[in-house]
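S.K.: What follows is a single structure, and I will ask about it in a moment.
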């Protein structure tokens with residue numbers, strides 16, 4: 012990611028540089044509505060966005076939250092992806108469509124209305140929502156606006172802005188081209204720490220003009236997402252509405268094998284995952300836990316998440332404090348939870364912060380001088396806590412656990428620190 | 012707990028009212044030392060405390076942290092409790108004796124020195140530490156002070172003060188007597204949210220003059236601790252040094268059966284657990300999650316901890332916001348982690364806040380008026396965030412999940428909210 016100092020520079024950069032796979036179109040409109048749940052309030056504003064594939068047969072794959080109280084859009088998506096093809100996705104922000112009595116019927120109505128507008132089969136359209144939990148969608152206002160979507164085409168950058176809630180900047184990433192003849196992968200994501208009631212939702216859309224059958228698309232997406240979005244944690248919880256959707260329109264005419272698809276896809280997912288962590292309100296450091304030599308990659312991922320979720324680790328890093336005791340304590344607590352039988356050998360564990368070894372052979376190897384140097388390193392990785400409308404790339408605070416056992420790959424988990432600003436936006440928004 | 016407005020009133024209350032089992036003695040001294048790890052700093056102050064049983068055969072039971080990187084005192088305690096009897100426990104604050112190269116040898120030296128001073132077998136003395144992780148104990152200074160402990164007897168209240176680290180007030184609880192002829196149970200605890208590096212440690216000491224064999228003491232302690240200290244969460248992690256020690260001197264001559272012992276013990280443990288949550292720095296609300304009708308009590312406890320550990324729930328409650336969406340989201344995420352096969356039926360779930368039903372039959376049943384009332388209830392449960400040297404009893408914020416299934420008992424989990432003050436004390440202590 013380049014470095015920016017002005018929001019407009021960043022938007023221009025996205026407009027100029029983003030590679031867009033052929034055969035996809037983007038639309039957006041805004042509406043205003045009065046929430047039945049807030050009778051006295053002013054009207055609210057909602058963005059309606061729509062993502063469309065020209066190809067009559069567009070292989071698609073969806074991954075949804077595993078939260079046991081999924082929102083209506085998640086239930087609809089699970090139903091409609093069964094056949095492995097999609098033509099479009101309607102997205103609204105402001106209201107999440109979770110826990111409202113008519114939620115599923117509403118989602119269906121909106122998707123069907125969109126299908127009629129764009130003359131595609133109803134079963135190939137999703138209606139995806141993000142925003143306040145518990146409110147009913149303003150279905151009438153939305154149904155009035157949908158038929159006018161075709162008059163409002165937009166750029167991918169405008170689409171990625173329209174789906175934002177508390178995000179500080181739009182997030183687009185891409186690979187393939189320019190100058191390369193092969194297919195392109197474009198990803199657009201929304202997600203950040205929560206502010207207004209329950210805006211945790213992470214939505215990610217991947218579009219490619221490669222030729223990929225649905226089964227392969229699904230399989231590679233699971234791997235790519237596990238290494239990126241499933242390896243980050245901002246607020247600890249998976250939301251009721253998280254969703255990742257991939258569509259492969261095939262307009263490039265180039266068929267990709269599994270390995271080449273993964274090579275095209277992974278960096279796009281990794282870049283978006285990093286930006287989701289980085290653009291969270293109240294985030295001043297991105298924490299990067301790397302676990303090496305752990306024979307069980309799934310366990311390694313759980314340990315990494317446990318450490319980046321520890322409020323004691325998060326607050327220490329927020330204060331630029333290389334507090335190895337808290338880090339060791341969090342790892343030890345995670346091991347007792349996720350490896351209760353003690354299968355993982357901890358006797359050879361080393362811990363390094365920013366590549367400096369701080370724990371080895373069961374003892375700390377930190378002194379005042381190295382602590383001072385580490386504190387300076389952490390300070391250099393600190394972003395302005397009042398985030399900007401563009402990425403501030405200050406790198407990460409790397410915590411490296413090396414169990415020195417046999418492992419096929421190292422595991423990386425991203426998280427954010429816990430600052431005053433986080434509490435302010437999450438606790439005080441009503442007061 | 013009574014209500015106090017002055018620290019001295021509270022201390023007087025403890026001195027006057029606490030019931031003390033016969034056959035135990037308390038001692039304390041302070042020392043100063045220079046930390047090898049902080050060459051330039053001023054001298055630090057450390058309290059040395061000692062708890063002694065007169066009975067030559069004193070049944071005892073110990074529960075220790077399951078953290079995979081236990082401190083030296085934990086390793087020593089596991090070794091020495093094997094025989095089921097203890098005569099005394101030496102406790103120091105300020106340095107935790109975790110991750111120092113000579114840690115175990117140091118703990119042994121101190122325990123043995125104490126054993127010689129009080130003329131009891133070495134194997135029946137523990138050395139317990141709480142404080143900074145990574146520093147070496149000032150063993151020489153401590154060994155000079157231990158032989159003078161017999162000259163410094165103190166009251167149980169003074170003992171409970173001496174073992175404090177970041178605790179805001181000493182914590183004692185008791186049951187049995189006065190006016191009742193039966194035995195007495197006294198508990199003393201230290202523990203609070205962390206402030207200085209790694210002071211998470213929770214230490215609890217239970218003393219009774221009941222006649223109880225070691226095996227029974229151990230069995231009942233496990234049950235009592237599971238329902239109290241294992242059902243609370245302040246910082247999420249178990250520390251490297253958590254320990255609960257029980258000693259049954261038998262001076263009352265009254266033998267207790269399992270049920271009567273539990274009846275005597277449980278309220279003492281519950282009271283101390285509540286105070287550990289309540290006296291955490293940065294705590295403004297005590298959150299009480301109650302899970303009813305969940306057929307699996309162990310799962311219920313995990314779900315309760317997951318909800319009270321959710322930063323989104325914690326910050327909402329800190330802001331007096333009855334944010335049911337976040338609560339439902341955290342429960343749903345917990346279920347997906349701890350009940351991945353979906354064994355628990357969620358279709359009949361109700362959620363109540365402060366006894367007011369807010370979610371039922373898959374939908375929220377909250378309106379603006381009931382939200383306003385709930386916000387007022389939360390406000391009334393808020394303590395002065397700058398905690399005092401005595402308990403402020405404002406009750407709790409109760410979150411009740413009722414799965415309406417068959418369950419032998421309901422499960423209760425306590426946690427604390429996440430306030431600005433928490434971040435300040437946990438992130439900013441160096442700056």
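Protein chains in written order, with our numbering: chain A, 12 to 442; chain R, 12 to 442.
Think of the CB as a built atom: it goes at the ideal place given N, C-alpha and C, for glycine as much as any other residue.
#1: Could you give the distance in angstroms between the alpha-carbon of residue 426 of chain A and the alpha-carbon of residue 267 of chain R?
#2: Is residue 361 of chain A close to chain R, meaning its C-beta is less than 8 Å from at least one C-beta of that chain?
#3: Nearest CA to the CA of residue 144 of chain R: which residue from A/375, A/411, A/381, A/379?
#4: Determine the contact status of residue 1 of chain R and residue 179 of chain R, defining contact as a CB-CB distance below 8 Å.
#5: Between which residues of its own chain and residue 368 of chain R is the CB-CB distance below 8 Å, once the five residues before and five after are set aside?
#6: Taking the continuous beta strand (DSSP E) assigned at residue 523 of chain A, which residues delimit it?
#7: By how many angstroms is the C-alpha of residue 259 of chain A removed from the C-alpha of residue 248 of chain R?
#8: So which of A/273, A/65, A/254, A/263 has the shortest CA-CA distance to residue 191 of chain A?
#9: Do we get a CB-CB distance below 8 Å when we pair residue 23 of chain A with the residues of chain R?
#10: Between residue 256 of chain A and residue 59 of chain A, what straight-line distance do the alpha-carbon atoms span, to the nearest angstrom?
#11: Taking its Cβ as the centre, do 16 or more other Cβ atoms sit within 10 Å of residue 16 of chain R, making it buried, or is it exposed?
#12: By how many angstroms is the C-alpha of residue 349 of chain A removed from the C-alpha of residue 43 of chain R?
#13: Pick helix, strand or coil for residue 151 of chain A, following the three-state DSSP scheme.
#14: Rounded to whole angstroms, what's the CA-CA distance from residue 303 of chain A to residue 312 of chain A? Just pull it up for me.
#15: Within a Cβ cutoff of 7 Å, which residues of the same chain sit near residue 220 of chain A, ignoring the five residues on either side of it in sequence?
#16: Can you find a CB in chain R that lies within less than 8 Å of the CB of residue 104 of chain A?
#17: As an exercise, report each continuous alpha helix (DSSP H) stretch of at least 4 residues that is fully enclosed by the stretch 112-191 of chain R, in chain order.
#18: Are the C-beta atoms of residue 321 of chain A and some chain R residue less than 8 Å apart?
#19: What first and last residue would you give for the alpha helix (DSSP H) that runs through residue 389 of chain A?
#20: Would residue 422 of chain A pass as an interface residue toward chain R - the criterion being a Cβ-Cβ separation below 8 Å?
#21: Please classify residue 406 of chain A as buried or exposed, where buried requires at least 16 neighbouring CB atoms within 10 angstroms.
#22: Is the stretch 322-334 of chain R touching the stretch 375-395 of chain R in the sense that three or more CB pairs, one from each, lie closer than 8 Å?
#23: Residues in the stretch 55-81 of chain A with C-beta within 9 Å of chain R's C-beta atoms, listed in sequence order?
#24: Would you please state the rounded distance, in angstroms, between the beta carbons of residue 109 of chain A and residue 336 of chain R? I believe it to be under 8 Å.
#25: Leaving out the 5 sequence neighbours to the left and right, which residues in its chain are closer than 7 Å to residue 231 of chain R when beta-carbon positions are compared?
#26: According to DSSP, is residue 355 of chain R part of a helix, a strand, or is it coil?
#27: Beta carbons nearer than 8 Å to chain R: which residues of the stretch 212-231 of chain A have them?
#28: From residue 182 of chain A to residue 402 of chain A, what distance separates their C-alpha atoms?
#29: State the Cα-Cα distance for the pair residue 87 of chain R and residue 137 of chain R, rounded to the nearest angstrom.
#30: So, at 8 Å on beta carbons, what are the nonlocal neighbours of residue 278 of chain R in its own chain, with the 5 sequence-adjacent residues on each side left out?
#31: So residue 317 of chain A is in the alpha helix (DSSP H); what residue range does that whole segment cover?
#32: Find out if the Cβ-Cβ distance for the pair residue 240 of chain R, residue 213 of chain R is shorter than 8 Å.
#33: With a Cβ-Cβ cutoff of 8 Å, do residue 112 of chain A and residue 123 of chain A count as a contact?
#34: Residues of chain A with CB closer than 7 Å to the CB of residue 375 of chain R, please, in chain order.
#35: Are the beta-carbon atoms belonging to residue 71 of chain R and residue 51 of chain R less than 8 Å from one another?
#36: Give the residues of chain R in contact with residue 250 of chain A, contact being defined as C-beta atoms less than 7 Å apart.
M.R.: In brief:
#1: If you number the first chain from 1, residue 426 of chain A lands on position 415. If you number the second chain from 1, residue 267 of chain R lands on position 256. Their backbone Cα atoms lie some 51 Å apart in a straight line.
#2: As a first step, residue 361 of chain A must be located in the first chain, where it is residue number 350. By this cut-off, residue 361 of chain A is not an interface position.
#3: Walking along the second chain from the start, residue 144 of chain R turns up at place 133. It is A/375.
#4: Shown here, chain R extends from 12 to 442; a query on residue 1 of chain R therefore has no answer.
#5: Mapped onto the second chain, residue 368 of chain R falls at position 357. By the criterion of a C-beta distance shorter than 8 Å, residue 368 of chain R is surrounded in its chain by 361, 362, 376, once the five residues flanking it on both sides are discounted.
#6: Past the boundaries of the shown model lies residue 523 of chain A; chain A is included only from 12 to 442, so the question cannot be answered.
#7: Numbered from its first residue, the second chain carries residue 248 of chain R at position 237. Numbered from its first residue, the first chain carries residue 259 of chain A at position 248. Their backbone Cα atoms lie some 43 Å apart in a straight line.
#8: If you number the first chain from 1, residue 191 of chain A lands on position 180. Ranking A/273, A/65, A/254, A/263 by CA distance to the CA of residue 191 of chain A puts A/263 first.
#9: Here residue 23 of chain A refers to the residue found at position 12 of the first chain. Not one chain R Cβ lies under 8 Å of residue 23 of chain A.
#10: Counting from 1 along the first chain, the entry for residue 256 of chain A is found at position 245. Counting from 1 along the first chain, the entry for residue 59 of chain A is found at position 48. Between the C-alpha atoms of residue 256 of chain A and residue 59 of chain A there is a straight-line separation of about 17 Å.
#11: As a working mapping, residue 16 of chain R is identified with position 5 in the second chain. Its Cβ having fewer than 16 others within 10 Å, residue 16 of chain R is exposed.
#12: Here the question's residue 43 of chain R lines up with position 32 in the second chain. Here the question's residue 349 of chain A lines up with position 338 in the first chain. Just so you know, the alpha carbons of residue 43 of chain R and residue 349 of chain A end up roughly 41 Å apart.
#13: Numbered from 1 along the first chain, position 140 holds the residue referred to as residue 151 of chain A. In the displayed model, residue 151 of chain A falls within a helix according to three-state DSSP.
#14: The residue you call residue 303 of chain A lines up with position 292 of the first chain. The residue you call residue 312 of chain A lines up with position 301 of the first chain. Using only the alpha carbons, I get a separation of about 11 Å.
#15: Translated into positions along the first chain, residue 220 of chain A becomes position 209. Once the five neighbours on either side are set aside, the close Cβ partners of residue 220 of chain A are 32, 33, 34, 194, 195, 260, 261, 262, 263.
#16: By 1-based counting over the first chain, the position of residue 104 of chain A is 93. It does not: the Cβ of residue 104 of chain A has no partner Cβ on chain R nearer than 8 Å.
#17: Runs found: 114-128, 150-156, 167-173.
#18: In the first chain, the residue the question calls residue 321 of chain A occupies position 310. Taking Cβ atoms only, chain R reaches closer than 8 Å to residue 321 of chain A, which makes this a yes.
#19: Numbered from 1 along the first chain, position 378 holds the residue referred to as residue 389 of chain A. Run containing residue 389 of chain A: 379-391, per the alpha helix (DSSP H) assignment.
#20: Translated into positions along the first chain, residue 422 of chain A becomes position 411. No, residue 422 of chain A lies away from the interface with chain R (no Cβ there is under 8 Å from its Cβ).
#21: For the purposes of this step, residue 406 of chain A is identified with residue 395 of the first chain, where counting begins at 1. By the Cβ-count criterion, residue 406 of chain A is exposed, with fewer than 16 other Cβ atoms from all chains shown falling within 10 Å of its own Cβ.
#22: The stretch 375-395 of chain R, when compared against the stretch 322-334 of chain R, does touch it at the 8 Å Cβ threshold.
#23: Those residues of the stretch 55-81 of chain A that come within reach of chain R (Cβ to Cβ, closer than 9 Å) are 76, 77, 78, 79, 80, 81.
#24: On the first chain, residue 109 of chain A is found 98 positions in, with the first residue counted as 1. On the second chain, residue 336 of chain R is found 325 positions in, with the first residue counted as 1. A Cβ-Cβ distance of about 7 Å is found for the pair residue 109 of chain A and residue 336 of chain R, placing them in contact under the 8 Å criterion.
#25: Within the second chain, the letter at position 220 stands for residue 231 of chain R. Scanning its chain for C-beta atoms nearer than 7 Å, with the 5 sequence neighbours on each side dropped, one finds around residue 231 of chain R the residues 269, 272, 273, 276, in chain order.
#26: As a first step, residue 355 of chain R is located in the second chain; it is residue number 344 there, counting from the start. In the displayed model, residue 355 of chain R falls within coil according to three-state DSSP, outside both helix and strand.
#27: Within the stretch 212-231 of chain A, not one residue has a Cβ closer than 8 Å to any Cβ of chain R.
#28: For the purposes of this step, residue 182 of chain A is identified with residue 171 of the first chain, where counting begins at 1. For the purposes of this step, residue 402 of chain A is identified with residue 391 of the first chain, where counting begins at 1. Cα to Cα, the separation comes out at about 9 Å.
#29: The count along the second chain starts at 1 and reaches residue 87 of chain R at position 76. The count along the second chain starts at 1 and reaches residue 137 of chain R at position 126. Using only the alpha carbons, I get a separation of about 7 Å.
#30: Numbered from its first residue, the second chain carries residue 278 of chain R at position 267. Excluding sequence positions up to five before and after residue 278 of chain R, its CB lies within less than 8 Å of the CB of 184, 186, all in the same chain and listed in chain order.
#31: To locate residue 317 of chain A, count along the first chain from 1; it is residue 306. In the DSSP assignment, residue 317 of chain A falls within the unbroken alpha helix (DSSP H) covering 308-320.
#32: Sequence index remark: in the second chain, residue 240 of chain R carries index 229 (1-based). Sequence index remark: in the second chain, residue 213 of chain R carries index 202 (1-based). Yes. Within cutoff.
#33: On the first chain, residue 112 of chain A is found 101 positions in, with the first residue counted as 1. On the first chain, residue 123 of chain A is found 112 positions in, with the first residue counted as 1. Going by C-beta atoms, residue 112 of chain A is not nearer than 8 Å to residue 123 of chain A.
#34: In the second chain, residue 375 of chain R corresponds to position 364, counting from 1. Residues of chain A passing the Cβ test: 110, 145.
#35: Sequence index remark: in the second chain, residue 71 of chain R carries index 60 (1-based). Sequence index remark: in the second chain, residue 51 of chain R carries index 40 (1-based). 8 Å or more divides the Cβ of residue 71 of chain R from the Cβ of residue 51 of chain R.
#36: In the first chain, the residue the question calls residue 250 of chain A occupies position 239. Within chain R, the residues placing a beta-carbon under 7 Å from that of residue 250 of chain A are 340, ordered along the chain.
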